[in-house]
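S.K.: I am attaching a structure below and will ask some questions about it afterwards.
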Amino acid sequence: MKSLKTLGQFIIEKQADFPYAKGELSRLLRDIGIAAKIVNREVNKAGLVDILGTVGDSTNIFGENQKKLDVFADEQFISALKYGGECCFVASEEQDEGIELIDSGISKDAKYIVCIDPLDGSSNIEVNVSVGTIFSIYRRVTDVGEALCERDYLQDGLKQVAAGYIIYGSSTMLVYTTGKGVNGFTLDPSIGEFCLSHPDMKIPAVGKIYSINEGNYSKFPQGIKRYIKYCQEEDSGTNRPYTSRYIGSMVADIHRNLLLGGVFIYPQTASQPQGKLRLMYECNPIAFIIEQAGGKASTGTQRILEIEPIELHQRVPAIIGSTEMVDRVLDFITQS
Ligand code: AHG
Ligand code: MN
Ligand code: MN
């Protein structure tokens with residue numbers, strides 16, 4: 595029988611690869627893994643208990659209805675980071691402002707900043723479709739003891755020291771990178787551990803899947819419209835027509851495309867000129883993972899990881915996936 599390697603064992607094994615290697619980042623990743631298991635337990639119970647529906651008239655700063663599980667997941671991750679002691683500042687998609695944790699005693703020497711989308715694809719919970727969590731980790735720029743400032747929590751994506759996602763799907767997986775490749779772990783519910791199941795993940799250079807909300811077609815930029823038509827054309831040489839797959843949970847769409855090859859697009863539209871997805875909570879971490887797996891991530895005009903962030907809740911257009919497919923989309927954009 596093959597022996598299992600747990601997430602905890604893997605993190606310790608890889609700790610020597612980290613530039614600072616004092617175990618702090620390892621502990622931070624472990625804390626995130628523990629919160630993920632708690633959220634997973636609640637997501638799995640979603641149909642059984644009275645956890646569905648909205649919390650009163652609670653809406654997040656984008657005016658979107660927050661589901662109960664959004665709130666639950668947000669609380670779980672923030673409290674895991676707060677009591678873990680390795681995170682000095684957490685920015686959550688569900689919170690208007692970032693939260694400083696350095697006053698809370700245990701975190702006073704903490705060196706890491708975490709940006710998190712605690713529950714991605716939350717509109718899919720009530721229909722039993724996969725949802726996820728996305729996280730991004732930076733090292734603070736200021737010294738311990740100094741006041742935290744924008745330079746700490748508005749760093750470009752290239753400065754990420756780790757990023758990952760959890761997909762609560764037909765099985766639950768945690769996929770992460772620390773800049774040395776991408777590894778995937780599947781939760782074994784019988785022992786309650788994430789176990790290494792997908793070592794050194796690589797996205798195929800080209801695939802057959804395009805993922806975009808085509809309902810917005812009339813509002814898309816010309817280049818994107820022409821790319822969609824290209825996907826639908828018949829051409830045996832390039833294996834077209836491609837297959838359209840769109841779940842509406844970025845994590846799930848990205849995860850499938852990472853395994854099978856494909857391109858995920860959320861462009862700017864006439865009504866959302868910056869697109870919909872958030873740079874700090876969604877696009878940067880996913881871009882880091884996909885690049886580490888050999889893929890590519892662009893806004894259409896710029897590499898996502900090179901964007902200098904202006905604010906925590908910033909939105910950007912996203913074209914992410916198999917390198918050759920992303921390049922093809924960029925060709926259509928420049929030709930239009
Ligand atoms: P969230 O649930 O965190 O707000 O994220 C939803 C995001 C993303 O997961 C998904 O790809 C996209 O919104 C779907 O948007 P549309 O419904 O506009 O296609
Ligand atoms: Mn999201
Ligand atoms: Mn969310």
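Just so you know, we're using the numbering used here here: the sequence shown kicks off at 595 and counts up by one.
Idealized CB from N, CA, C, for every residue including glycine.
All of these numbers come straight from a predicted model, not from anything done at the bench.
Identify the residues that DSSP records as bridge partners of Tyr-860: which are they?
M.R.: Answer by DSSP bridge pairing, in chain order: Ala-912.
S.K.: Cβ of Arg-872 within 9 Å of Cβ of His-907?
M.R.: Yes. Within cutoff.
S.K.: Tell me the DSSP bridge mates of Met-1012?
M.R.: Past the boundaries of the shown model lies residue 1012; the chain is included only from 595 to 930, so the question cannot be answered.
S.K.: Let me know the secondary structure DSSP gives Val-684 once reduced to three states.
M.R.: DSSP places Val-684 in strand when its eight states are reduced to three.
S.K.: Reducing DSSP to helix, strand and coil, say where Asn-833 ends up.
M.R.: Three-state DSSP puts Asn-833 in coil, outside helix and strand.
S.K.: So is Asn-634 buried or exposed if we call it buried at 16+ other beta carbons inside 10 Å?
M.R.: Buried is the call here.
S.K.: State buried or exposed for Thr-928, treating a residue as buried only when at least 16 other CB atoms are found within 10 Å of its CB.
M.R.: Exposed.
S.K.: Secondary structure at Ala-757, three-state DSSP: helix, strand or coil?
M.R.: Three-state result, Ala-757: strand.
S.K.: Just checking my contact of Gly-801 with Gly-856 at CB under 8 Å: how many whole Å lie between their CB atoms?
M.R.: 4 Å between Cβ atoms; contact.
S.K.: From Ile-904, Ser-843, Tyr-836, Thr-780, pick the residue whose C-alpha is nearest to that of Met-919; which is it?
M.R.: Of Ile-904, Ser-843, Tyr-836, Thr-780, the residue nearest in Cα terms is Tyr-836.
S.K.: Comparing the CB of Glu-827 with every heavy atom of ligand 3, is any distance shorter than 8 Å?
M.R.: Checking every heavy atom of ligand 3 against the Cβ of Glu-827, none is found closer than 8 Å.
S.K.: Relative to the C-alpha of Ile-803, which residue among Ser-717, Val-637, Tyr-840 is closest?
M.R.: Checking every option, the nearest Cα to that of Ile-803 belongs to Tyr-840.
S.K.: Taking the C-alpha atoms as reference points, what is the distance between Gly-809 and Gly-915?
M.R.: Approximately 21 Å between the Cα atoms of the pair.
S.K.: Provide the residue(s) that pair with Tyr-804 in DSSP beta bridges, ordered along the chain.
M.R.: The partner list for Tyr-804 (beta bridge, DSSP) reads Ser-838, Val-857.
S.K.: Helix, strand or coil for Phe-926? Go by DSSP, reduced to three states.
M.R.: In the structure shown, Phe-926 sits in a helix (DSSP, three-state: H, G or I).
S.K.: Determine the direct distance from the alpha carbon of Ser-930 to that of Thr-780, and round the result to whole angstroms.
M.R.: Spanning the two alpha carbons is a distance of roughly 42 Å.
S.K.: Determine, using beta carbons only, whether Ser-686 and Gly-692 come nearer to each other than 9 Å.
M.R.: Yes, Cβ-Cβ distance for Ser-686 and Gly-692 is below 9 Å.
S.K.: Helix, strand or coil, according to DSSP, for Met-767 in the structure here?
M.R.: Three-state DSSP puts Met-767 in a strand.
S.K.: If the criterion is Cβ atoms closer than 9 Å, does the pair Ala-887 and Gly-775 meet it?
M.R.: For Ala-887 and Gly-775, yes; Cβs fall inside 9 Å.
S.K.: Relative to the C-alpha of Ala-580, which candidate in Gly-778, Asp-711, Ile-700, Ile-696 has its C-alpha closest?
M.R.: Absent from the structure is residue 580, since the part of the chain shown begins at 595 and ends at 930.
S.K.: Let me check understanding here. Comparing Cα to Cα, which of Cys-709, Gly-699, Gly-617, Lys-823 lies closest to Gly-751?
M.R.: If we check each option's Cα against that of Gly-751, Cys-709 comes out closest.
S.K.: Nearest to Ile-818 by alpha carbon, out of Cys-682, Gly-842, Val-923?
M.R.: Nearest option by C-alpha distance: Val-923.
S.K.: Quick one: grab the DSSP three-state call for Cys-567.
M.R.: For residue 567 there is no data in the structure shown, the boundaries of the chain being 595 and 930.
S.K.: What are the start and end residues of the beta strand (DSSP E) that includes Ile-672?
M.R.: First-last for Ile-672: 662 to 678, but that is the alpha helix (DSSP H), not the beta strand (DSSP E).
S.K.: Is Glu-885 close to ligand 3? I mean its beta-carbon at under 8 Å from any heavy atom of the ligand.
M.R.: No, the Cβ of Glu-885 stays beyond 8 Å of every heavy atom of ligand 3.
S.K.: Terminal residues of the continuous beta strand (DSSP E) containing Asp-782?
M.R.: Segment 776 to 782, the beta strand (DSSP E) holding Asp-782.
S.K.: Quick one: does the C-beta of Tyr-875 sit closer than 8 Å to a heavy atom of ligand 2?
M.R.: Tyr-875: yes, Cβ under 8 Å from ligand 2.
S.K.: Lys-705 bridges to which residues according to DSSP?
M.R.: Looking at the DSSP assignment, Lys-705 forms no beta bridge with any residue, so it has no partner.
S.K.: Excluding sequence positions up to five away, which residues of its chain have a Cβ less than 8 Å from the Cβ of Thr-736?
M.R.: Cβ within range, chain order: Leu-742, Cys-743, Arg-745, Asp-746.
S.K.: I'd like to confirm the pairing. Which residues does DSSP put opposite Phe-729 in its beta bridges?
M.R.: BP columns for Phe-729 point to Ile-710, Gly-758.
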